[in-house]
Amino acid sequence: MRMTSTVDLAKLHIDDFTPHQDAEFEMQAERDRVVQLKLAKVEPAGNSGRPGGAFSLLFTGPKGAWLPQAIYPVRHPALGVMDIFLVPVGPLADGNGYQAVFT
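The sequence shown runs contiguously to residue 221 in our numbering.
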């Protein structure tokens with residue numbers, strides 16, 4: 119499955135993600151590999167000159183091998199496809215944690 123970016127990240131706001139906390143997202147990890155992520159936490163991240171404000175997203179992925187930090191296409195049915203820079207942040211109770219920060 120090939121994901122194509124359709125969302126302008128500069129226009130995203132924390133309120134776009136808050137209703138989708140605990141929802142499932144799909145990340146295109148490799149050409150033929152899609153990884154299921156759960157949006158575990160949505161938090162404000164201080165002041166920013168960014169029009170949508172600063173915020174962070176914490177996703178939980180499957181336990182096991184870590185994916186490296188990189189820009190990944192991430193899809194949600196209501197939000198579309200977004201090319202998001204995800205950073206592994208450590209193990210969480212229910213899987214591997216990955217964070218995206220919008221500043």
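Note that the Cβ used here is the ideal one computed from N, Cα and C, for glycine as well.
In this text the structure is predicted, and so the values were computed from the model without any measurement.
Shown here, residue 188 sits in a strand according to DSSP, grouped into three states. When the alpha-carbon of residue 129 is set against those of 194, 169, 188, the nearest one is in 169. Taking residue 145 as the centre and dropping the five residues before and after it, the same chain places the C-beta of 153, 155, 190, 192 closer than 6 Å to its C-beta, in chain order. For the set 178, 198, 200, the Cα lying nearest the Cα of residue 207 is the one of 178.
Residue 164 and residue 181 have their alpha carbons spaced roughly 30 Å apart.
The Cβ-Cβ distance between residue 183 and residue 138 does not fall below 8 Å.
Excluding its 5 nearest sequence neighbours in each direction, residue 124 has C-beta neighbours in its own chain below 7 Å: 198, 199, listed in chain order. Residue nearest to residue 133 within the set 151, 204, 218, 160 is 160 (criterion: CA-CA distance). In this chain, the beta strand (DSSP E) harbouring residue 201 covers 198-210. The alpha-carbon separation between residue 218 and residue 149 amounts to approximately 21 Å. Contact between residue 204 and residue 188 holds, since their C-beta atoms are separated by about 7 Å, short of 8 Å.
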